[in-house]
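To get the numbering used here, take the position in the sequence shown, counting from 1, and add 228. The beta carbon of each residue, even a glycine, is placed where N, CA and C say it ideally should be. Given the structure is predicted, the values throughout are model-derived calculations rather than measurements. For reference, the structure discussed in these notes is given below.
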Amino acid sequence: MSHRPPSSQNADAPLALVLRAAGTNCDAELLRAFERAGARTRLLHLNALSADPALLEEVSILGLAGGFSYGDYVAAGRVFGAELRHRLDDPLRRYIERGGLVFGVCNGFQILIELGLLEDPGLAPSERGIALTDNASGRFECRWVTLRSEACRAPWIEAGERMPVPVAHAEGCFVVRDPEVCARLFANGQVALTYVDPAKGDAAQPASPDAAPIPYPLNPNGSVANIAGICDPTGRVLGLMPHPERNLDPWNHPLWTRMGAREEGEGLAFFRRMVASAAAPVPS
229 MSHRPPSSQN ADAPLALVLR AAGTNCDAEL LRAFERAGAR TRLLHLNALS ADPALLEEVS
289 ILGLAGGFSY GDYVAAGRVF GAELRHRLDD PLRRYIERGG LVFGVCNGFQ ILIELGLLED
349 PGLAPSERGI ALTDNASGRF ECRWVTLRSE ACRAPWIEAG ERMPVPVAHA EGCFVVRDPE
409 VCARLFANGQ VALTYVDPAK GDAAQPASPD AAPIPYPLNP NGSVANIAGI CDPTGRVLGL
469 MPHPERNLDP WNHPLWTRMG AREEGEGLAF FRRMVASAAA PVPS
């Protein structure tokens, strides 16, 4: 399916547009997460948005889903990121400037990094200081991990919460050019989610640029400072490797029968807050 019209939910609800291309394969899951969270949704192919960028004018959340866009040739997300940069760079930046939210998960996070939306917009590709590379394990990782939300600029992230979520990636190791880049991400409030040891509870080490990676597989890819997701300096663009859209219902977790009574999966609250933030007035 290359596109579908907006869902027929409350006309006043924010519109979440999920953008896809060849190789995108988690778009249905992301659409369902936004719909469950109360948003109207629309699925659109990259070519359709490129032909009519004005479609962004009615969008409140732009979603980039997981998958293997363009076969992940060259590097994960690079071709999709290059397509967006060359065909939609100016419309996307205007969309963010007017208050639109962008959310990229897994391959979507890789696309955002390749696109350069998570760093200073004035940086040339050769000057960028962050990247996602091969997992330290040297293999595709498909397992459940625990995330902790950190104090950051993204308005829908509530610091201190823990969220079990699955990962499914081969190039999810977050790396930085030098320690100063990592320190700047923390100082700017751009580190949004980190991998933590669920057994340690409140005793888990605090997030910091100097934090050593927690043991594998708790940190499934070897990311520096256990970083799982970051936002841009405005807080309106967020990317992360794990999949909160795969934990919407209690039975999504493989150990759900041992977790006590739960009305819903922890990922649903994440999307509800995102949709609520998109519906709120943009601060002037």
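Supposed close pair residue i, residue j - CB separation, criterion 8 angstroms
i    : j    : result
L284 : P242 : The Cβ separation is near 13 angstroms, so there is no contact.
G388 : N449 : The Cβ separation is near 23 angstroms, so there is no contact.
L292 : G332 : 4 angstroms
C410 : P437 : 4 angstroms
Where the alpha helix (DSSP H) through residue i begins and ends
i    : result
E263 : 255 to 264
L277 : 274 to 279
G336 : 335 to 343
F414 : 407 to 415
Own chain residues within Cβ distance below 6 angstroms of residue i, not counting five before or after
i    : result
A506 : P242, S288, I289, L329
V424 : T374, R376, A432
D477 : G493
Cβ neighbours of residue i in the same chain (closer than 8 angstroms, five flanking residues each side left out)
i    : result
P353 : G344
H481 : W372, P392, N475, M487, G493
N416 : R381, P461
Unbroken beta strand (DSSP E) run spanning residue i, endpoints
i    : result
A303 : A303 -> no beta strand (DSSP E), and no H or E assigned at all.
M391 : 390 to 397
L284 : Neither: L284 is in no beta strand (DSSP E) and is coded neither H nor E.
A506 : Counting along the chain, A506 falls outside any beta strand (DSSP E), though it belongs to the alpha helix (DSSP H) covering 494 to 507.
Residue environment, residue i, which counts as buried when at least 16 other CB atoms sit within 10 Å
i    : result
L496 : buried
Q418 : buried
D430 : exposed
V395 : buried
H397 : buried
F414 : buried
A508 : exposed
Cβ of residue i within 8 angstroms of any chain E Cβ
i    : result
L375 : In summary, chain E is missing from the structure at hand, where a single protein chain is found.
(Q) Quick test of the definition: if touching needs 3 or more C-beta pairs under 8 angstroms, does the region 380 to 396 touch the region 449 to 461? (A) yes
Q. Does the region 403 to 412 come close enough to the region 477 to 497 to have 3 or more Cβ pairs within less than 8 angstroms?
A. no
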